[in-house]
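Numbering (our numbering), first residue to last: -5 to 247.
Encoded as structure tokens, the structure appears first; notes follow it.
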């Protein structure tokens, strides 16, 4: 369950998006990816899951090149939540979770009772049972994000790649999802993009960062979440306050 990039460079439409990136993700902690808008964070996620093929370098999953892994296997092993992934079709919340979990349950006919029970458990886990038959078009942003996470819980992928999965949630919903992701990351690989400094402040695992010039930085959150580095990364004076329990509050002038 180790996902590794080796000297990744990516261009799209003649524009450089990623340059010479090497890094590794493994189970044990929730990993974060942060940086300024336009630095290449979403492009990096799309490269890690195989949606984008790098111009040079290679992504490897457990030492096997991602390009040599079938689309079916990637769909089963890699769970991805992208930004702006609202589907135009009139799916209900339940159908959306079923779609996310479909790679786990290859079948020729109808869903089995056990498979449907798995879907129901995922909906219940994230307080979505009462919304199960509601069209996703009618859900709030936070409710839709909970449906996406429920889909990941039903799929149970080896690796989750998540692009701002809690950005629209209220504090209670966000905390519930973060507790789930932190627990899941103990035995699976999870990378999450966020602009939320409250979330970064509670980070205990690895932190990846991209600056406006697409330079890549990697290290322990405890090492990178300091005033000097953050001021450089965001080109704005940063203040970091560390509480008695080790949590950080980050401010910018």
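Don't be surprised by glycine CBs; every beta carbon is placed ideally from N, CA and C.
- Check residue 132 in the structure and name its three-state DSSP category. helix
- Who are the Cβ neighbours of residue 74 in its own chain at under 6 Å, not counting the five residues just before and after it? 43 and 155
- Message: Does the beta-carbon of residue 95, which I'm using as the reference point, lie nearer than 7 Å to any heavy atom of the ligand SAM?
- Response: Among the ligands in the structure shown, none appear at all, so the ligand SAM cannot be discussed.
- Taking the alpha carbon of residue 38 as the point to measure from, which residue in 148, 54 and 204 has its own alpha carbon closest? 204
- Task: Put residue 228 into one of helix, strand or coil per three-state DSSP.
- Result: helix
- Message: Which residue wins for smallest C-alpha separation from residue 4, given the options -3, 16, -4 and -5?
- Response: For the set -3, 16, -4 and -5, the Cα lying nearest the Cα of residue 4 is the one of 16.
- Could you please give the first and the last residue of the uninterrupted alpha helix (DSSP H) stretch that includes residue 118? In the DSSP annotation of this structure, the continuous segment of the alpha helix (DSSP H) that includes residue 118 starts and ends at 107 to 119.
- Could you tell me which residues DSSP pairs with residue 59 in its beta bridges? 54
- Message: Within the continuous beta strand (DSSP E) that includes residue 0, where are the two ends?
- Response: -3 to 6
- Query: In whole angstroms, what is the alpha-carbon distance linking residue 236 and residue 119?
  - Reply: Roughly 33 Å between the two C-alpha positions.
- Message: Taking contact to mean 3 or more Cβ pairs, one atom from each stretch, closer than 8 Å, check whether the stretch -5 to 10 and the stretch 25 to 33 are in contact.
- Response: With a cut-off of 8 Å, the stretch 25 to 33 and the stretch -5 to 10 do not count as touching, because too few Cβ pairs lie within range.
- Query: Hey, how far is the Cα of residue 227 from the Cα of residue 206?
  - Reply: 8 Å
- Query: Between residue 85 and residue 93, which are expected to be in contact by the criterion C-beta below 8 Å, what is the C-beta distance as a whole number of angstroms?
  - Reply: 7 Å
- Three-state secondary structure assigned by DSSP to residue 199: Look at residue 199 here: in three-state DSSP terms it is coil, with no helix or strand label.
- Message: Quick test of your reading: residue 26 and residue 215, contact by CB under 8 Å. State the CB separation rounded to the nearest angstrom.
- Response: 7 Å
- Item | Cβ distance (whole Å) where residue 162 is taken to contact residue 136 below 8 Å | 5 Å
- Task: Return the chain-ordered list of same chain residues with a C-beta closer than 8 Å to the C-beta of residue 67, the five sequence neighbours on each side being excluded.
- Result: So no residue of the chain qualifies.
- Query: Going by DSSP, what residues sit across from residue 96 in a beta bridge?
  - Reply: In the DSSP output, where bridge partners are listed per residue, residue 96 has none listed.
- Message: Quick test of your reading: residue 201 and residue 213, contact by CB under 8 Å. State the CB separation rounded to the nearest angstrom.
- Response: 6 Å
- Message: Which complete alpha helix (DSSP H) runs does the stretch 135 to 159 hold, if anything under 4 residues is left out?
- Response: Whole alpha helix (DSSP H) segments, 4+ residues: 135 to 149.
- Other residues of its chain near residue 70: CB distance less than 6 Å, five sequence neighbours each side excluded: Once the five neighbours on either side are set aside, the close Cβ partners of residue 70 are 97.
- Task: Note down the Cα distance separating residue 62 from residue 183, rounded to an integer number of angstroms.
- Result: 20 Å
- Whether residue 245 touches residue 232 by CB criterion (8 Å): Yes; because the gap between Cβ atoms is below 8 Å, this pair is in contact.
- Mind checking who residue 25 pairs with in its DSSP beta bridge? 185
- Item | Reduced DSSP secondary structure (H/G/I, E/B, other) of residue 169 | helix
- Item | residue 125 - DSSP class collapsed to helix/strand/coil | helix
- Could you work out which residue in 166, 57, 159 and 12 is closest to residue 185 when comparing CA atoms only? The residue with the shortest Cα to Cα distance from residue 185 is 159.
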